[in-house]
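All remarks here apply to the structure that follows.
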């Protein structure tokens, strides 16, 4: 056992040996619609505070909401991609509670009649023994709601306690949100990894659907993680869960679950009970701490929103959206494994570097998959690291890479020359052919020109030539090096070797 | 003396202004003078207005006279209930909590009136947040009934009704959640119409109960009411519950003079116990006139109407408990802050000081009815009753074109008579509430006097059949005026 702050922890492996972790995830996604959920205000991020507001999103007396059809279509699209049922008829509900950054003191959300229900997302995780396991995460519901405004607490630590006053920015009020809620997931000791991979995979899916820019750091994807432990005895009920709020990176999702498992296990081992509460995750320490305790259970007094007529999303539109669903990231990866021989590690690296699409495009332009992967990951990855820009923002296109690789394939460029050609493109010297011409990079293809160089090298190093002639082929190395040097690296070394051997011994 | 412009109907005024027989400015000035003469203060006089916008009214009149704006009611003065927002003009909804608030936007009703050149004289008094039947719940003191200044003008649109009955304006806009247009119209001897729910946009109408609220006209004649109805009704993309359908031809319907072939149902449940004999007598006389006009009059039973009042007093407070949550001192209106109070403390102190007793009663009632564990028994059950009442109407309309009843069980009662007895006050709307619950169209029409005070007859029609109200109303009005030799309102003693 170790102690972090005041919390006593049980080693994770020991914890999961005694208890089965059960997790649940609630993910809020800000939709990328041009306007807000219930009014015509813009949704741009980062505008001057309180400039994207109107009577409706400020909750002025008399103002009414009207529904953003694009947001509803996005919600349906998300539901379909998660294999959900789309409700033939659904409604909004009011969630009533007072908070200064909530203009109406109720949030228009969905309660018992969400737009999509009962779906799933399969996630692939690597087990400790290196195997890949597919875990099905069941989706309970996908529903629509509006975001609140944003409070800024001034003075003190920036938190509400100790602040001298608070400012509210209503630009965010009314931004369309979709909340995706999973059913309890029993992933055993893989729970932290499953939690992380689920959020990652969901984000990837949302990006593919083009419904959100999916940025955790800007809050356009927000994740609440529920964790509970169940004793590993037959028929034991679910334990009490905690809800860890606003975990702001994929890694943090994993760490938050790990920490909660260790913390809850310690409580249960000591015969104490887990308190049902909201907790906050701390990036620096990897720990969670209790949020403001709720002295009484919140009663949101949900009731159907009378200002909005029910939504009856037409069946033919559902089918039209279903037909338009893009290939899922998982199917896409399966296709790449199959067609290009990429491994899971390759795909993880390519995805991590953000060059997967570029590699696929390069291959589509005729490049060999392995070579395309290598150039984007190694050569351009290095340049990306040096400049701090994404590899796809360096001015090099899949067409450039495909052309360089084509020149390598037909023998015009060597690997070394290819890197020089790439440097030229990176330096803005023009397209590939222009760089090759300007830097005079093409290998010396003319055998007679090459023979002249070889002859002069042999004449200059008669002793070495004699060794080779005497049968010591390994002695040819320095001769090849000299030829390469004399040609400025533009000769094909293999060809040089074979020409030297045939000159000296009459055969390869 | 030349014609007293304040005595003319809206139709007559509009025609004279259009023909340039009289200027819109003269018409506006005449009404502003009348307001100055009779409206008085919270302590004495009609007290129909909370705010008179003389400058805005005259500016509009000048635009009409210059030909810059036109419409069927261009230059005709109108009193606007203070529950509808008007850009830059104080709007309180009868509450202390909104004192001094000047909305930055126009309600759709306001915008339509402005674009048609209607001269908006000012904002009229009302029960706080439209909760009440007498204007006695106004934070700014009650309005008084021009027929007898010691009596209530009805409510919640009592200020609008009093203004029209007192000849301060030929037209007024009211809103009706459980009878708040029809009951004041009945007790002030006016025509008042609650259009089909969704017929008039609610955008900019400060919500009391969103699923019940509906704005509509108050006028001295059926035709005037129709002209105003036509001016403000119609689809509005800013209101999701607004109906995207043509407005029925309510103005054309006013030419009706006989009712042969019209089937009229008299609702059995809306009479008898609790209805004053004088009210029933005037009502029955009017029903006889309908028969004389050729209508087939039959009794109709709507058994679930008995549960309308309790259902209403669960649904309306539930919705209001949520609708009124936004009055929290954070962005507009009253703010009560003692020392280093937290936001929650400021909210609580402001709501404590800013809301009146009836509003608090309903917010608490609604909060309770929506609470976890009580929802099904109260709000859920009330919604079921609502469905049953709607089915009662649907069944009735299979056999009749319109239904009729007395609008209110009593004539105008004295100020103060029911302020300490909410249940007695709530009974004022027992006949009008079913139409709100079902969302159908309904009119109150003055049909006679009882003890010298007006009695209203309620006409109810199916959703989107608002024209039927005007057909039956216009024929009945013409017949009663002919019998009497003058309009009912002509029997009111002048205030001046």
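Chains as they are written, first to last, in the numbering used here: chain A, 1 to 508; chain B, 1001 to 1496. Glycine residues also receive a C-beta, built at the ideal position from the N, C-alpha and C atoms. Computed from a prediction, not measured in an experiment: that's the story for all the values here.
Simplified DSSP state of residue i, which is helix, strand or coil
i: residue 16 (chain A); result: helix
i: residue 329 (chain A); result: helix
i: residue 1484 (chain B); result: helix
i: residue 108 (chain A); result: strand
i: residue 1359 (chain B); result: helix
i: residue 362 (chain A); result: helix
i: residue 1055 (chain B); result: helix
i: residue 1013 (chain B); result: helix
i: residue 957 (chain B); result: There is simply no residue 957 (chain B) to check, as chain B begins at 1001 and stops at 1496 in what is shown.
i: residue 183 (chain A); result: coil
i: residue 303 (chain A); result: strand
i: residue 1019 (chain B); result: coil
i: residue 295 (chain A); result: Per-residue confidence for residue 295 (chain A) stands at a pLDDT of 45, beneath the threshold of 50, marking its modelled position as unreliable; the derived number appears in the next sentence. Residue 295 (chain A): coil per DSSP, three-state reduction.
i: residue 90 (chain A); result: strand
i: residue 96 (chain A); result: strand
i: residue 262 (chain A); result: helix
i: residue 1152 (chain B); result: coil
i: residue 1263 (chain B); result: strand
i: residue 160 (chain A); result: coil
i: residue 346 (chain A); result: helix
i: residue 1206 (chain B); result: coil
i: residue 1293 (chain B); result: coil
i: residue 275 (chain A); result: coil
i: residue 101 (chain A); result: coil
According to DSSP, residues forming a beta bridge with residue i
i: residue 1405 (chain B); result: B:1458
i: residue 248 (chain A); result: Bridge partners of residue 248 (chain A): none, in fact.
i: residue 1217 (chain B); result: B:1173
i: residue 1302 (chain B); result: Residue 1302 (chain B) pairs with nothing; no bridge assigned.
i: residue 1049 (chain B); result: B:1124
i: residue 1239 (chain B); result: Residue 1239 (chain B) pairs with nothing; no bridge assigned.
i: residue 1079 (chain B); result: B:1122 and B:1172
i: residue 176 (chain A); result: A:146
i: residue 1233 (chain B); result: B:1200
i: residue 151 (chain A); result: A:168
i: residue 480 (chain A); result: DSSP lists no partner for residue 480 (chain A).
Among the options, the one whose alpha carbon lies nearest that of residue i
i: residue 472 (chain A); options: A:493, A:452, A:504 and A:492; result: A:504
i: residue 1435 (chain B); options: B:1388, B:1063, B:1053 and B:1349; result: B:1388
i: residue 186 (chain A); options: A:156, A:138, A:169 and A:214; result: A:138
i: residue 1407 (chain B); options: B:1105, B:1267 and B:1462; result: B:1267
i: residue 145 (chain A); options: A:60, A:29, A:251 and A:43; result: A:29
i: residue 240 (chain A); options: A:276, A:441 and A:381; result: A:276
i: residue 234 (chain A); options: A:19, A:24 and A:493; result: A:19
i: residue 1373 (chain B); options: A:218, A:477, A:105 and A:301; result: A:301
i: residue 149 (chain A); options: A:49, A:502 and A:247; result: A:49
i: residue 1070 (chain B); options: B:1287, B:1342 and B:1114; result: B:1114
i: residue 1136 (chain B); options: B:1122, B:1015, B:1410 and B:1414; result: B:1414
Range covered by the beta strand (DSSP E) that runs through residue i
i: residue 138 (chain A); result: 132-146
i: residue 1194 (chain B); result: 1191-1194
i: residue 281 (chain A); result: 278-282
i: residue 288 (chain A); result: 287-290
i: residue 1157 (chain B); result: Taken as a continuous stretch (DSSP letters only), residue 1157 (chain B) belongs to no beta strand (DSSP E), as it is neither H nor E.
i: residue 167 (chain A); result: 165-169
Host alpha helix (DSSP H) of residue i (start-end)
i: residue 118 (chain A); result: Per DSSP, residue 118 (chain A) belongs to no alpha helix (DSSP H); it is in the beta strand (DSSP E), 116-126.
i: residue 423 (chain A); result: 415-426
i: residue 400 (chain A); result: 398-409
Under 7 Å from the C-beta of residue i: neighbouring residues of chain D
i: residue 117 (chain A); result: Here the protein chains are A and B, and chain D is not one of them.
Check: residue i C-beta below 7 Å from any heavy atom of the ligand MN
i: residue 1028 (chain B); result: Among the ligands in the structure shown, none appear at all, so the ligand MN cannot be discussed.
>> If we require 3 or more residues per run, which beta strand (DSSP E) segments fall completely within the stretch 16-51 of chain A?
In response: Taking only runs of at least 3 residues, the beta strand (DSSP E) segments lying wholly in the stretch 16-51 of chain A are 19-30.
> Can you give, in chain order, each stretch of the alpha helix (DSSP H) that sits fully within the stretch 1331-1358 of chain B and has at least 4 residues?
Replying inline: Runs of the alpha helix (DSSP H) inside the stretch 1331-1358 of chain B: 1343-1354.
> Curious, which full-length beta strand (DSSP E) runs of at least 3 residues does the stretch 1379-1455 of chain B contain?
Replying inline: Listed in chain order, they are 1402-1406 and 1441-1450.
> In chain order, which continuous runs of the alpha helix (DSSP H) of length 4 or greater are located wholly inside the stretch 190-246 of chain A?
Replying inline: Counting whole runs of 4 or more residues, the stretch 190-246 of chain A contains the alpha helix (DSSP H) stretches 191-209.
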